[in-house]
Amino acid sequence: MKYARFEDLPVWQAAIDLCRRVYLLTRGRAFAQPGDLCDQLRRAALSISNNIAEGFERGSTAELLMYLYIARGSAGEVRSMLHFAAALPEFEHVKSEISNLRSLAESCSRQLRAWADSLQNTDIKGQRHLNDQSMRSYQSKQRATSFQRQLDQLFREAHPELFPKRDGDAEADR
Numbered sequence: 068m069k070y071a072r073f074e075d076l077p078v079w080q081a082a083i084d085l086c087r088r089v090y091l092l093t094r095g096r097a098f099a100q101p102g103d104l105c106d107q108l109r110r111a112a113l114s115i116s117n118n119i120a121e122g123f124e125r126g127s128t129a130e131l132l133m134y135l136y137i138a139r140g141s142a143g144e145v146r147s148m149l150h151f152a153a154a155l156p157e158f159e160h161v162k163s164e165i166s167n168l169r170s171l172a173e174s175c176s177r178q179l180r181a182w183a184d185s186l187q188n189t190d191i192k193g194q195r196h197l198n199d200q201s202m203r204s205y206q207s208k209q210r211a212t213s214f215q216r217q218l219d220q221l222f223r224e225a226h227p228e229l230f231p232k233r234d235g236d237a238e239a240d241r
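For our numbering, add 67 to where a residue sits in the sequence shown, where the first one is 1.
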């Protein structure tokens, strides 16, 4: 699925939810202590969605990838700080919410990793680099790949004797 706006991206929406929930959590009295934990946690949480947005708007795949990895690093920072907070006695009363936030940050990390992995194997250099010729070339490659898959499937169906059944295939026939 293609997205025209970063606001429509599920991972950006999850990152915004994480940030909102981090801000709500850090309003509590346990985070009112002197030190930088509250501020650093808030900045790292906000950095996830901001880097997704900036990378998306840059227009090149290479820059998007760079910002996705930065966002993923920020999600790791959030998880690390939440682990630290959960280990302190003054945060005992919010341990459940901390655990939920760690899970949400980990979900963001997984989504960012999957997106980055998919981008690393693409021929498109990004929206900024698209012109009519590169778009036609990309679409032509997609059609050729699809056609080859169809031919392979037809050949397998026409010549099943050339393709021995695997253990899992025998179960499907029953």
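Note that the Cβ used here is the ideal one computed from N, Cα and C, for glycine as well. Small disclaimer: the values here were computed from a predicted structure and weren't measured.
For residue j and residue i, believed in contact at Cβ under 8 Å, the rounded distance
i	j	result
Ser176	Gly143	7 Å
Leu132	Ala81	Incorrect: roughly 19 Å between the Cβ atoms, too far for contact.
Val89	Leu155	Between Leu155 and Val89 the Cβ distance is about 16 Å, and since that is not below 8 Å, they are no contact.
Arg223	Phe230	5 Å
Selected residue, minimal CA-CA separation from residue i, among the options
i	options	result
Ile115	Asp219, Ala172 and Arg216	Ala172
Ser170	Ala71, Leu76 and Asp84	Asp84
Leu149	Leu104, Ser185 and Ile137	Leu104
Ser166	Thr189, Arg210, Lys232 and Leu92	Leu92
Leu69	Leu186, Asn117, Glu130 and Glu164	It should be noted that the sequence gives Lys, not Leu, for residue 69. Answer by Cα proximity: Leu186.
Leu135	Ala153, Val78 and Pro227	Val78
Beta-carbon gap between residue i and residue j smaller than 8 Å
i	j	result
Cys86	Ala112	yes
Gly95	Val161	yes
Arg139	Leu108	no
Phe151	Phe73	no
Ser141	Asn118	yes
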